[in-house]
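Chains A and B, in that order, give the protein sequences. Residue numbering for the first sequence is 2 to 344, as defined by the numbering used here. Residue numbering for the second sequence is 13 to 860, as defined by the numbering used here. All residues carry an ideal CB built from backbone N, CA and C; glycine is no exception. All values reported here derive from a predicted model rather than from experimental measurement.
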Amino acid sequence: MKKLFNILLLLPVLTLFQCENPIDFDLDLVESKLVLQSLLTSTENVSVQLSASRFFLDESDKFRKINNATILLFKDDVIIDTLHRSAEDEGGYYFSDYIPQAGDHLKLQAAAPGFESVESEITVVALPNLVSAEVLDIKCRAQTVEWLISHQPYRTYIDTVIYYLTANITLTIADTPEIDEYYNIILYLKTNYIDGTSELTRFPFESKNIVFSSNEVNVDMFGGGEMAKNYNIFSDELFAGRNYSITVNLPENFYSYFWPESITKSQYLIVELHSVSKDYYFYRLTAAKAYNGMDMGGMFGEPVQVYSNVKNGIGVVGSYNVVRKEIKLNKSDADITEITEIY
Amino acid sequence: MLRLFLKLRITTVQTFKLLKLLTPMNRIIIFLFLCALPFTFFAQNYTISGYITDGKSGETLISASVFDSRNSKGAVSNTYGFYSLTLPKGKVEVSYSYVGFTQSLRSFNLRRDTVINIQLGENNALAEIVVYGGTRQELGVKGSQMSAIDVPIEQIKTIPMLFGETDVLKALQLLPGVQSGSEGSAGFYVRGGGPDENLFLLDGVPLYNVNHAAGFFSVFNADAIKSVTLYKGGFPARFGSRLSSVLDVRMNDGNNKKIKANVSVGLISSKLNVEGPLFSENTTFNVSLRRTYFDILIKPVLWYMKNYQDFDKLNAGYYFYDFNAKISHKFDDKNRLYASFYSGDDAIYVNVKESGQYIEDGYKYESSFSQKIDWKWGNLLAVLRWNRVLDSKLFMDVTANYTRYRQDMGIGQKDKESSTDTIFIAKNNDISLKYKSGIDDYSTRIEFDYSPNPDHDIKFGFNPVMHTFRPGVQVAKETSNDIKMDTTMGNQNISAFEIAMYVEDNYALNSFTKINFGLHYSGINVQGKYYHSLQPRLSGRLLLSDKFSLKAGYAYMSQYIHLLSNNNISLPTDLWVPVTKRIKPMVSQQASFGAFYNLKHLFDISIEGYYKEMNNQIEYKDGATFLDPTSKWEDKVATGRGWAYGVEFLVQKTLGNTTGWVGYTWSKSERLFDRAGEVLNFGLPFPAKYDRRHDINIVLSHKFSKKIDVSGTWVYSSGNCGTLAVQEYSNPFNIEDYNYYYGYYGQLNNNPYHNGGESSLSHVEKRNNYRFPAYHRLDLGINFHKKKKYGTRTWNISIYNAYNNMNPFMVYSGYNYNMFGKGDGRKTLMKVTVFTLIPSVSYTYKFE
């Protein structure tokens, strides 16, 4: 009996040597697919990127671009063009001379050796109807930071002045009745400098408007992680066929060179309203969810299926059109406060 | 009941109007009740009633048979051992029998209602062979109940288990139609249903969390248990509130003859069970305690680590315990009182402290850091039960009970720095986080068991429940030089009032046809909304011969609570939540049919088929996680439909030196979530998480002699489903740069190639698209018994996973190296096996 017990005690140690083992996959899961990505708009000719998906255990750090494909462009089921590549490009880009028009029903069909052919259809969205865009409550906080170096003797170091701009922007949209529409808002600060150069700064924004509530937010239970807000994309589900006003505000702590008079000539806020296709809207929402859901390696989150409208393949073919308004920002309209903070 | 009916003064016209409102199945059930009424109320007979008990221990015997051979009429004792048999006036020959006990015969002239309490003695002729008793009368070839099985607790104790821990739930997972979760887990999935669709009753009261150690062990301590019955379909009307199964576990009352004790020492836990009379034979007690001692075993390792790492303090561990207690008192032949109590907790604790000091430029600097984790979760249950025999035909059971599941997690961290240098800014950070969730139920239940004649056994009852749900509340406190924060986040408590009432009749239409039919009504009032449903139940048996019967069953079920769980394993962070204005009750309809055959009184052979439809099932939406406290749980889930169907085959042997069963299940379970705003898998059907095509279970025990018995189990099942993104692809739209602190996001105003860079996205073709490798395992066990001076000692040696199959517990993508750095190093999907070949040994001493 004693010998038996000694053997029993040794067995767990022996078996621990093989607690992890590789799993083999069926070949059909390993095979890669064509990935067709394109965004069509009425201001540019059709362009497409074609690449191959890779098996998730593939160790290459880049995706294979497909440069030997045949891509056909159909309009109302009639071939109108065969897309071409630029000779020096190896990035899987293909172009057509055709510039899509709103309402065009287009189809892209791609075939490449070693892959199943893929195709995707899209109707190009119309321009959105932006009735008005107003900028209100412009505030600027000119903050000087003073860093404490020592108490005895008391010494400080004064940092440069940082300008923080806040404002409320109200956009009024006239939604088209009986058509499901999807929108995107993008804001820029355009600064024209005294030396003749100009700079375009992308502005994030926040909003409590209900139309953005479907854009889910993930933070972890301990308050970690970043707010992943897709604030700029939304559907007309709640205001279909009506005029609707949305107020967004620039976040308080977004660093911007606003009115440093020594170098700035003029500044503009550029408000863009995009109409986007339903396919791109779903692709965008689900892709953002996929990125956000990677908390702790995705261990505690449900996996996300990213939307695709590419038959037999992966990716999205979407469309968009843009209306843009430029609003000059006048210093006299702004409420400016100067703050010095000591750290 | 007739009086009640008359009092309602429902006219014929009104009745027909009412019937028009009912579903066809409800009309059938009501029609059957009306047919049964004349038989029920106008027979002229006398009644023999009483309790049937084990003569050796005084324990009441459930489903013991009472049969009068002169009239060919019989009855079965109920859950509390009470029976009632109404017979015509005159000579009767009544036999009392229970498998494994000597039959007792009473012949007399029945001239009045008679009380006979019977104590059955053990059958010495059968002492050399194994006999496992059970509710065979109700569930076997001759019973009207289908899709139910009774696994004798003595047989459960012989099944070899992980670490030698006898486990009721894992034993039940070896039955056809029941599936486990992941490797080693006590997860419970019945006929394609979810883990929250099982009603676990301990002495008739629901337990919410039946797992210890993330599901590796269940809370049911076999030493404290008298009987275990599992219903998978054809549910009698007395059960409700869950869709997929009912597990009815009854605790031992306690020996009323003498005090007995049972001590067991195993690899990971020890158990103690004491039972006996208290002051007199009329009062008994039964107390069981089980506790693991992993936390104690690990102390030397921690002591070494503390000294090696130079910690001031290092204390950590994990344990769980179960405490069961029951006291019963018999006031007289008509009144009995029972008090049951269960408490079981899991606990993880970590307490680390380190400090240091140094001198620099003449200044003294001191720092200290401490971290504390205190995490407890578990159940508490208390039941007060009164049994009263109102008259020889009417038995009443009244209970008042409280059941609670709570989960409290506390994490604290203190960080201090100080110096004698006046410029140095002292630091004193104190952070604490608490996360609490749980559910509390207060309920009463009043039930009647009415046996007007041998052809009818009518049960009816009423059960109000007050639920309080605490679906996840977080409290965060931070105190430091600059910050003082005290915030509470999460969901508010939700109160809900649930009622249930039922009536059922187990009705013998003739010698070969028996049906159990009934209606179950339930409703819940939550957030000002009242949901309710009337649920018809029907189960019937057609006896084609003494050994062969056909059965069919139908059950409509409704469930008002859900369990939110992200994982395949049971975690204490899983949340119980009620239906709300937005989330409607889950409902199911299940039809089952089967054939039952008894071969030479040795083998019970059955084949059953079922089809189940489920509605308002919930699943987490894509990307949702319980770690996100900023959105309501309702926003994280989608509701949809599901269906499951399958065939189950079982051969069971409960008599002889060799006992056990062979079970096989073929099944399929799918889900469809296609409602607006709640679409999953692009609105297409997908396999349920535990959809498995094949399950084979073989359980065998053999008794060589009084001194040695052996047992073995072999299980095989198709692999579990999981969602695996097997392809990755280039995303040129840069939408991952969502965060405005880091740059651009959602570039839309250029063609893709103008955006520069690319990022990768994972492609998930379908939810639960990947099937893990098949699972199989062999467990072996041997028991050595020896009579000792004060009782019997038993050495048990078990081997779990005897041929060391590498079953996957979890998978991850990694590189193919083992712990010694050997392997081809390729990137691959690695399966982690938690339980390889695991031998265990335990020692039990049973004082007699």
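C-alpha gap between residue i and residue j, whole angstroms
{"i": "P50 of chain B", "j": "V591 of chain B", "result": "Since pLDDT at P50 of chain B reaches only 46, below the 50 mark, its modelled position is unreliable, and the value read off the structure follows with that caveat. Roughly 41 angstroms separates the two Cα atoms."}
{"i": "L4 of chain B", "j": "T670 of chain B", "result": "Lying before the first or after the last residue shown, residue 4 of chain B is absent from chain B, which here runs from 13 to 860."}
{"i": "K388 of chain B", "j": "Y333 of chain B", "result": "11 angstroms"}
{"i": "S109 of chain B", "j": "T126 of chain B", "result": "19 angstroms"}
{"i": "Y354 of chain B", "j": "K596 of chain B", "result": "32 angstroms"}
{"i": "D90 of chain A", "j": "M842 of chain B", "result": "38 angstroms"}
{"i": "F745 of chain B", "j": "Y165 of chain A", "result": "29 angstroms"}
{"i": "S810 of chain B", "j": "N310 of chain A", "result": "55 angstroms"}
{"i": "L73 of chain B", "j": "I128 of chain B", "result": "14 angstroms"}
{"i": "D82 of chain A", "j": "E120 of chain A", "result": "15 angstroms"}
{"i": "Y361 of chain B", "j": "N518 of chain B", "result": "51 angstroms"}
{"i": "V261 of chain B", "j": "G530 of chain B", "result": "23 angstroms"}
For residue i, the residue or residues it bridges with in DSSP
{"i": "L406 of chain B", "result": "B:D403, B:Y462"}
{"i": "R482 of chain B", "result": "B:G450"}
{"i": "E327 of chain A", "result": "A:I271"}
{"i": "D532 of chain B", "result": "As written in the sequence, residue 532 of chain B is His, which differs from the Asp given in the question. Bridge partners of H532 of chain B: B:Y514, B:Q547."}
{"i": "D162 of chain B", "result": "B:T241"}
{"i": "P23 of chain A", "result": "B:M842"}
{"i": "I2 of chain B", "result": "Only positions 13 to 860 of chain B appear in this structure, which leaves residue 2 of chain B out of reach."}
{"i": "R416 of chain B", "result": "B:L392, B:D452"}
{"i": "H613 of chain B", "result": "The partner list for H613 of chain B (beta bridge, DSSP) is empty, contrary to what the question assumes."}
{"i": "T848 of chain B", "result": "Answer is none; T848 of chain B lacks a bridge partner."}
{"i": "Q739 of chain B", "result": "A:F56, B:H775"}
Cutoff 7 angstroms: residue i Cβ touching any chain B Cβ
{"i": "S52 of chain A", "result": "yes"}
{"i": "R86 of chain A", "result": "no"}
{"i": "R37 of chain A", "result": "The residue asked about is misnamed: residue 37 of chain A is Leu in this sequence, not Arg. No, no contact with chain B."}
{"i": "V305 of chain A", "result": "yes"}
{"i": "K329 of chain A", "result": "no"}
{"i": "F240 of chain A", "result": "no"}
{"i": "N22 of chain A", "result": "yes"}
{"i": "F64 of chain A", "result": "yes"}
{"i": "R55 of chain A", "result": "yes"}
{"i": "K290 of chain A", "result": "yes"}
{"i": "I174 of chain A", "result": "no"}
{"i": "N216 of chain A", "result": "Here the model assigns N216 of chain A a pLDDT of 49, short of 50, so the residue's position is not dependable, and the following value carries that caveat. False, the Cβ-Cβ gap to chain B never drops below 7 angstroms."}
{"i": "V81 of chain A", "result": "At residue 81 of chain A the sequence reads Ile, which differs from the Val that was named. No, I81 of chain A does not count as interfacial toward chain B."}
{"i": "L190 of chain A", "result": "no"}
{"i": "R60 of chain A", "result": "A small fix is needed here, since residue 60 of chain A is Glu in this sequence, not Arg. At least one chain B Cβ lies under 7 angstroms of E60 of chain A."}
Cutoff 7 angstroms: residue i Cβ touching any chain A Cβ
{"i": "H775 of chain B", "result": "yes"}
{"i": "K834 of chain B", "result": "no"}
{"i": "A226 of chain B", "result": "no"}
{"i": "N740 of chain B", "result": "It is worth fixing the name first, because residue 740 of chain B is Glu in this sequence and not Asn. E740 of chain B counts as touching chain A."}
{"i": "V362 of chain B", "result": "no"}
{"i": "L841 of chain B", "result": "yes"}
{"i": "V649 of chain B", "result": "no"}
{"i": "G390 of chain B", "result": "no"}
{"i": "P464 of chain B", "result": "no"}
{"i": "T592 of chain B", "result": "no"}
- Query: Counting Cβ pairs closer than 8 angstroms, one from the stretch 263 to 274 of chain B and one from the stretch 530 to 542 of chain B, do we hit at least three?
  - Reply: no
Three Cβ pairs or more, each shorter than 8 angstroms: is that satisfied between the stretch 179 to 189 of chain B and the stretch 414 to 428 of chain B?
no
Practice problem: Kindly provide the ranges of any beta strand (DSSP E) runs that are 3 or more residues long and lie completely inside the stretch 210 to 274 of chain B, ordered along the chain. | Solution: 210 to 214, 217 to 219, 237 to 243, 257 to 263
Checklist entry - Okay, do the stretch 398 to 418 of chain B and the stretch 342 to 359 of chain B touch, 3+ Cβ pairs below 8 angstroms being the bar? => result yes
- Can you check the stretch 75 to 120 of chain B for any alpha helix (DSSP H) of at least 4 residues that lies completely inside it and give the ranges in chain order? none
- Message: For the pair the stretch 315 to 324 of chain B and the stretch 85 to 98 of chain B, tell me if three or more CB-CB distances fall below 8 angstroms.
- Response: no
Note to self: Would the stretch 63 to 74 of chain A count as touching the stretch 94 to 112 of chain A if we require 3 or more Cβ pairs under 8 angstroms?
What the structure shows: yes
task = Would you check if the stretch 70 to 84 of chain B and the stretch 438 to 447 of chain B touch, i.e. whether three or more CB-CB distances between them fall below 8 angstroms?
result = no
- Task: Report yes or no: do three or more beta-carbon pairs, one from the stretch 643 to 655 of chain B and one from the stretch 621 to 628 of chain B, lie closer than 8 angstroms?
- Result: yes
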